[in-house]
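So in full-length UniProt numbering, spot 7 of the sequence shown is number 7, and the numbers just go up one at a time.
Accompanying notes for the structure given below.
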Amino acid sequence: MTASNTFLNRATNTSENDALLITLFIAALLHIGVILGINFSMPKQEETHRAIEITLATTPAQKAPKQASFLAQENQIGAGKQKTKPEPPKQKLPSRGTLPNKQPQSKPVQRQTAAPKKIISTIRPAETKAPPAPAKVPAEPQSKPVPKITAAALQQQIAQLGTEVRQQQLSADISKIKHVNAVSTHKYVASQYEMDWKKKVEATGNLNYPEVARKKNFFGTLTMEVGINPDGTIYNIRIKRPSGNAALDEAAKRIVRLSAPFPPLPQELLKELDVLVITRVWKFSDESGMSAR
1 MTASNTFLNR ATNTSENDAL LITLFIAALL HIGVILGINF SMPKQEETHR
51 AIEITLATTP AQKAPKQASF LAQENQIGAG KQKTKPEPPK QKLPSRGTLP
101 NKQPQSKPVQ RQTAAPKKII STIRPAETKA PPAPAKVPAE PQSKPVPKIT
151 AAALQQQIAQ LGTEVRQQQL SADISKIKHV NAVSTHKYVA SQYEMDWKKK
201 VEATGNLNYP EVARKKNFFG TLTMEVGINP DGTIYNIRIK RPSGNAALDE
251 AAKRIVRLSA PFPPLPQELL KELDVLVITR VWKFSDESGM SAR
């Protein structure tokens, strides 16, 4: 009886141990199934666009700042007055109790996730202009030594100036001295005056013909110019072509002087000239006397 009890006790203990092992095995299988069915993936964080601060340096500062707030290619001193960095505006989130009303959408719009764009900023260094080239200062001309003026040199300069003044006056006078043939506007008036002058000179010459020329059969021909002033007086007398006999040339000049003064020049001629020059060929003959042509 005792042996049977002992066998029964051992069989009971063996069955209890098997049941415990089976239970543990089933529990292990259940845990393994649960563990494999659960996905241990970490929740993805929403992508947020991070603001990039860009500092543009236009002109580098000559003096470095005491405390640098940002990194840049060149030294720059900020122009702001705020000591603290302003915070970005906060976005209001809807509370749990109040949800935003969803508007009915006609068509579902696919949300495209745009890839974040890369912002590349290139900072050009400020162009440094070359300083303008200094203007060339003209060299001062060397002062020439002033020559000493002697009394003889001074007299020579005075004589030269006097000659230049006389030449200027002569050129100015010549511009107003015209021959009868040079008169353009009042040529008829000049020709009539010349004819009257010729008649008077011939009459005076025949009355004062030199007696010496008559006795010695003295004759000859010469060309003479006579200038007449506006009042009829003689401006000058010039033998343009002499006769070859000095006494005859002087006799012709004497006859002109005896004929003066002549009638004043007409006002029409004075608009063109100041001196009227009459040129005539004088002929002396023992038979016909004196004539001008």
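Just so it is clear, CB atoms sit at the ideal spot from N, CA and C, and this is done for glycine as well.
Stretch pair the region 233-248 + the region 257-267: three plus CB contacts closer than 8 Å | yes
T150 at chain C interface by Cβ criterion, 7 Å = Within the model displayed, chain C is absent; a lone protein chain is all it includes.
In angstroms with no decimal places, state the Cα-to-Cα distance between K178 and A159.
-> 30 Å
Exposed unless 16 or more other CB atoms sit within 10 angstroms - verdict on M224 | buried
Give, in chain order, every unbroken run of the alpha helix (DSSP H) that is at least 4 residues long and sits entirely within the region 215-263.
-> 246-259
With burial defined as no fewer than 16 other Cβ atoms inside 10 Å of the residue's Cβ, what is the status of R293: buried or exposed?
-> exposed
Would you mind sorting R166 into buried or exposed? The rule is 16 or more other CB atoms within 10 Å of its CB.
-> exposed
In terms of alpha-carbon separation, which member of T23, H31, V277, A247 lies closest to L265?
-> V277
Determine which residues share a DSSP beta bridge with T197 and list them.
-> Correcting the residue identity first, residue 197 is Trp in this sequence and not Thr. W197 pairs with nothing; no bridge assigned.
Reference K187; option with closest CA among A28, F284, K271, W282 = K271
Residues bridged to A292 (per DSSP) = W282
Near W197, which residues of its chain fall below 7 Å by C-beta distance, leaving aside the five closest residues on each side in sequence?
-> F262, I278
When we look at the beta-carbon of S243 and count the other beta-carbons within 10 Å, is it buried (16 or more) or exposed?
-> buried
Exposed or buried, what is A182 when buried is set at 16 or more other beta-carbons lying within 10 Å of its beta-carbon?
-> exposed
Using the rule of at least 16 other Cβ atoms within 10 Å of the residue's Cβ for burial, across every protein chain shown, is I26 buried or exposed?
-> exposed
DSSP-derived helix/strand/coil call for L276 = strand
Anyone know if the C-beta pair for T204 and I239 falls short of 7 Å?
-> no
From A151 to T221, what distance separates their C-alpha atoms?
-> 51 Å
Would you list the one or two residues that DSSP bridges to K178?
-> L276
Which value, in whole angstroms, describes the spacing of the CA atoms of G162 and Q156?
-> 10 Å
Got a sec? Which residues, its chain only, sit under 7 Å from A252 by beta carbon, not counting five neighbours each side?
-> L222, M224, W282
Just how far apart, CA to CA, sit R280 and Y193?
-> 14 Å
Looking at the structure shown, is S106 part of a helix, part of a strand, or coil, going by DSSP?
-> Only weak support is given to the placement of S106: the predicted model assigns it a pLDDT of 48, under 50, and the question is left unresolved by the model.
Note down the Cα distance separating I32 from I22, rounded to an integer number of angstroms.
-> 15 Å
For K271, three-class secondary structure by DSSP = coil
C-beta atoms of V189 and L269 nearer than 7 Å = yes
Pick helix, strand or coil for A19, following the three-state DSSP scheme.
-> helix
Out of V275, I149, D18, K199, which has the shortest C-alpha to C-alpha gap to P230?
-> V275
State the Cα-Cα distance for the pair Q267 and S184, rounded to the nearest angstrom.
-> 15 Å
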